[in-house]
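The opening residue of the sequence shown carries number 1 in UniProt numbering; numbering runs sequentially from there. Ideal Cβ positions, reconstructed from N, Cα and C, are used throughout, including at glycine. A quick note: this is a predicted structure, and the numbers were derived from the prediction, not measured.
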Amino acid sequence: MCARHLRRLWAIPGTVLGRSGWPPTLSQRFHWHWNYWWQAHLLDSLVDAQLRDPTDERALLINRFIKTVHRRNFDSWVNDYYDDIAWLGLALQRVRRLQLSTVDEALEAIDKRLHEGWTEDLGGGIWWRRGDSFKNTPANGPAAIFHARTGDQERARAMTQWLTDTLVDPETGLVWDGIRADTGEVVKHIFSYCQGVYLGACLEQSRWDDAARTIRAVEKHMAPQGILPGSEGGDGGLFSAIAARYLALAAKNLPRPEAETAKRLVQKSAEACWNGAAQEKTGPLFSAEWARPAPTPPGQAERDLSVQIGGWMLLEAAATL
Numbered sequence: 001m002c003a004r005h006l007r008r009l010w011a012i013p014g015t016v017l018g019r020s021g022w023p024p025t026l027s028q029r030f031h032w033h034w035n036y037w038w039q040a041h042l043l044d045s046l047v048d049a050q051l052r053d054p055t056d057e058r059a060l061l062i063n064r065f066i067k068t069v070h071r072r073n074f075d076s077w078v079n080d081y082y083d084d085i086a087w088l089g090l091a092l093q094r095v096r097r098l099q100l101s102t103v104d105e106a107l108e109a110i111d112k113r114l115h116e117g118w119t120e121d122l123g124g125g126i127w128w129r130r131g132d133s134f135k136n137t138p139a140n141g142p143a144a145i146f147h148a149r150t151g152d153q154e155r156a157r158a159m160t161q162w163l164t165d166t167l168v169d170p171e172t173g174l175v176w177d178g179i180r181a182d183t184g185e186v187v188k189h190i191f192s193y194c195q196g197v198y199l200g201a202c203l204e205q206s207r208w209d210d211a212a213r214t215i216r217a218v219e220k221h222m223a224p225q226g227i228l229p230g231s232e233g234g235d236g237g238l239f240s241a242i243a244a245r246y247l248a249l250a251a252k253n254l255p256r257p258e259a260e261t262a263k264r265l266v267q268k269s270a271e272a273c274w275n276g277a278a279q280e281k282t283g284p285l286f287s288a289e290w291a292r293p294a295p296t297p298p299g300q301a302e303r304d305l306s307v308q309i310g311g312w313m314l315l316e317a318a319a320t321l
């Protein structure tokens, strides 16, 4: 994946980012379209690899990558999307723990912006983006994890409780997408990453019963054959990989029988993903749908950086079990 997608930013020496497609279009060669949150998950996956197999070369790559993200984001660590910056914050927290780069300034900026997003509209929670009227799981879930890991347990608990009260389906146990402040409409779309980030927030706060319920719901309603669902590329290429990341954490940390279920879901999904990968000269090319082999030549979805990060993230999650 890295051999295909990692390239300089605007041909500037010492820079590196993930190209959003392979083979790249002209705009992708120049990083004209900025997929901030894809890069955040690419950084998280580089950290996964460094934890598994530390090398000086990768440590240097991570440091260069972080600086390039800042440069491409026009010398800022934040943008208007609270979910985006929460994802980058989670990756940078892990970078700081490993002492791979100096990221205190970035984390302070992200922490400040996430706190600014909280309002009492709809009973609490943060917005999806600044100036919007939508509050959702993809913003509040990773933000709750971020706050828990900074030690702000009060805000983490408030966010997780708001999610539980507002967006958990009492019938299925699945977590809905979000709620609109202007109409009060609950948007009941079901996405695998919503389950993952809610699970992660529960794990950070030892909400074992909520975590166990979520795992049961994922197995029953989203992965009846034991393999997490795929996507058609785009942002969806990361959804089930995010779920896998937190399922793997549950497999190791949840003191409930559902920990074994979480482990089984990750391992079976990873086995299917690896066995279905197409073998390119530049390394394995993962399918957007882990339950089916990757097409050759790659389909539109398989060209996406998100899909390839997703496969990599899944395998790194499985490697921890």
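| query | result |
| --- | --- |
| Under three-state DSSP, which class holds Phe146? | helix |
| Check whether the Cβ atoms of Gly124 and Ala148 sit closer than 7 Å, and answer yes or no. | no |
| Ala136 bridges to which residues according to DSSP? | Residue identity differs from the one stated: residue 136 is Asn in this sequence, not Ala. Asn136 pairs with Gly178. |
| Going by the DSSP bridge assignment, what does Asp83 pair with across the sheet? | Its beta-bridge partners do not exist; DSSP assigns none. |
| Which residues mark the beginning and the end of the beta strand (DSSP E) in which Ile289 is found? | Ile is not the amino acid found at residue 289; the sequence shown has Glu there. Premise fails: Glu289 is in no beta strand (DSSP E) and is neither H nor E. |
| Reducing DSSP to helix, strand and coil, say where Glu120 ends up. | coil |
| What is the DSSP secondary structure of Arg19, counted as helix, strand or coil? | coil |
| Are the segment 52–69 and the segment 34–43 touching by the rule of at least three beta carbon pairs closer than 8 Å? | yes |
| I'd like to confirm the pairing. Which residues does DSSP put opposite Ile190 in its beta bridges? | Trp176 |
| If Ile110 sits next to Val78, beta carbons under 8 Å apart, how far is it from one beta carbon to the other, in whole angstroms? | 6 Å |
| How about Gly230 and Trp290: do their beta carbons lie closer than 7 Å? | yes |
| Leaving out five residues on either side along the sequence, give the residues of the same chain with a beta carbon under 7 Å from the beta carbon of Ser192. | Met222, Leu228, Pro229, Phe239, Ser240 and Ala243 |
| Could you tell me the boundaries of the beta strand (DSSP E) in which Gln225 lies? | Unbroken run through Gln225: none, as it is neither H nor E. |
| Report the residue from Arg96, Ser306, Val69 and Thr164 whose alpha carbon sits nearest the alpha carbon of Arg207. | Thr164 |
| Rounded to whole angstroms, what's the CA-CA distance from Arg29 to Val186? Just pull it up for me. | 39 Å |
| So Leu92 and Leu107 are supposed to be a Cβ contact under 8 Å. How far apart are they, rounded? | 6 Å |
| By the DSSP assignment, the beta strand (DSSP E) with Glu171 in it spans what residues? | Here Glu171 belongs to no beta strand (DSSP E), and DSSP marks it neither H nor E. |
| So the alpha helix (DSSP H) Gln279 belongs to, where does it begin and stop? | Not the alpha helix (DSSP H): Gln279 falls in the beta strand (DSSP E), residues Ala278 to Glu280. |
| What did DSSP end up calling Arg256 once you bin it into helix, strand or coil? | coil |
| Check the DSSP bridge columns for Leu6 and list the partner residues they point to. | Gly18 |
| If you measure between the beta carbons of Val16 and Thr55, is that distance less than 7 Å? | no |
| If you draw a straight line from the alpha carbon of Arg129 to that of Ile309, how long is it in whole angstroms? | 24 Å |
| Cβ of Ala91 within 6 Å of any heavy atom in the ligand SAM? | No copy of the ligand SAM appears in this structure; indeed no ligand is present at all. |
| Nearest to Leu321 by CA position, among Val266, Ala277 and Ala278, is which residue? | Val266 |
| If you draw a straight line from the alpha carbon of Leu254 to that of Leu167, how long is it in whole angstroms? | 22 Å |
| Near Gln300, what residues of its chain come up, given a Cβ to Cβ distance below 7 Å and the 5 sequence neighbours on each side ignored? | Gly233 |
| Would you kindly check if the distance between the Cβ of Leu203 and the Cβ of Leu249 is under 7 Å? | yes |
| Just to confirm my understanding: we take Ala139, look at its own chain, exclude 5 residues before and 5 after, and list those with CB closer than 6 Å. What are they? | Tyr82, Asp83, Ile126 and Trp128 |
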